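**Student:** In my numbering, the protein residues as written are 1 to 145.
Following this message is one structure expressed as structure tokens.
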Amino acid sequence: MPKKRPGQKIGVECPVCHEGKLLVRIKHTKYNDGAIGGRGTPDTNVVNELVCSNCCLKFTAADEGQSIWPIIENKLNGFTQPDTKPTTCPVCENDSLKEGRTHRASAEDEWRPFGGRDSQHHKRTIFLYCNDCLTPVYITKEPSA
């Protein structure tokens with residue numbers, strides 16, 4: 001069986017046209033129900049594939065199937081807050097900004113099958129990120145003590 005070629009990284013130059021950047025296509029995965037009275041797996045958004053912003057060719061992503069949240073949160077480490085809230089992404093220049101929240105290490109404990117407010121909500125960072133290249137662009141709210 002031939003070895004699968006490694007996938008491309010998000011945001012790199014297109015290996016074909018060398019003009020565009022590889023942007024992410026996200027797939028929403030539905031939760032799995034757990035046993036009665038137990039927890040299941042929460043819904044999440046995962047990396048599906050990459051698409052060139054110039055030639056529109058599709059590529060396999062190195063992070064295929066991985067949740068987008070650890071990728072974004074890793075980029076939050078060392079993030080420098082801009083002076084003004086941007087309306088477009090400084091990396092890919094698209095205007096597909098969305099709001100996200102950091103997750104604690106025990107994120108599955110936060111998920112409530114019947115909804116309800118998370119008691120740890122005030123300890124999470126709220127930020128804007130680019131839905132096309134998963135780059136954090138602005139921190140809206142820092143966690144309180």
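Quick reminder that beta carbons are idealized off the backbone N, C-alpha and C, glycines included.
This one's a predicted model, so the numbers in the text were calculated from it and none came from an experiment.
Considering Cα atoms alone, identify which of S53, R124 and Q81 is closest to E93.
**Tutor:** Among S53, R124 and Q81, the Cα nearest to that of E93 is on S53.
**Student:** Between which two residues does the beta strand (DSSP E) harbouring L22 extend?
**Tutor:** Where L22 is concerned, the enclosing beta strand (DSSP E) stretches over L22 to T29.
**Student:** Can you give me the Cβ contacts of T102 inside the same chain, cut-off strictly under 6 Å, excluding the 5 residues immediately before and after it?
**Tutor:** For T102, where only same-chain residues beyond five positions count, the Cβ hits under 6 Å are E73, R124 and T125.
**Student:** Give me the DSSP bridge partner(s) of G100.
**Tutor:** In DSSP, G100 forms a bridge with F127.
**Student:** Measuring only the C-alpha atoms, how far is P82 from K141?
**Tutor:** Cα to Cα, the separation comes out at about 14 Å.
**Student:** Sort out for me which residues DSSP pairs P13 with in a bridge.
**Tutor:** For clarity, residue 13 is Glu in the given sequence; the question names Pro instead. Paired residue(s): K21.
**Student:** Can you give the Cα-Cα distance for V16 and A62, rounded to whole angstroms?
**Tutor:** Their backbone Cα atoms lie some 17 Å apart in a straight line.
**Student:** Please return the same chain residues whose Cβ sits closer than 6 Å to the Cβ of E167, not counting the five positions on each side in sequence.
**Tutor:** Beyond the ends of the chain as shown, which are 1 and 145, falls residue 167; an answer cannot be given.
**Student:** Whose CA, out of I68, C133, C14 and S67, lies closest to the CA of K58?
**Tutor:** It is C14.
**Student:** Where do the N-terminal and C-terminal ends of the alpha helix (DSSP H) with N74 fall, by residue?
**Tutor:** Where N74 is concerned, the enclosing alpha helix (DSSP H) stretches over I68 to L76.
**Student:** What would DSSP say about V47, mapped onto helix, strand or coil?
**Tutor:** Looking at V47 - three-state DSSP - the assignment turns out to be strand.
**Student:** Leaving aside the five residues before and after T60 along the sequence, list all residues of the same chain whose C-beta is less than 6 Å from its C-beta, in chain order.
**Tutor:** Correct list, in chain order: G7.
**Student:** For N79, tell me which candidate among S67, K9, K27 and Y129 has the shortest Cα-Cα distance.
**Tutor:** Per the sequence presented here, residue 79 reads as Phe, with Asn not at that position. Ranking the options by Cα distance to F79, first place goes to Y129.
**Student:** Between N45, T88 and V51, which lies nearest to G100 when the distance is taken from Cα to Cα?
**Tutor:** With distances taken between Cα atoms, G100 lies closest to N45.
**Student:** Measure from the alpha carbon of D11 to the alpha carbon of each residue in I26, L50, K27 and H28, then state which is nearest.
**Tutor:** First, the amino acid is wrong: residue 11 is Gly here, not Asp. Ranking I26, L50, K27 and H28 by Cα distance to G11 puts L50 first.
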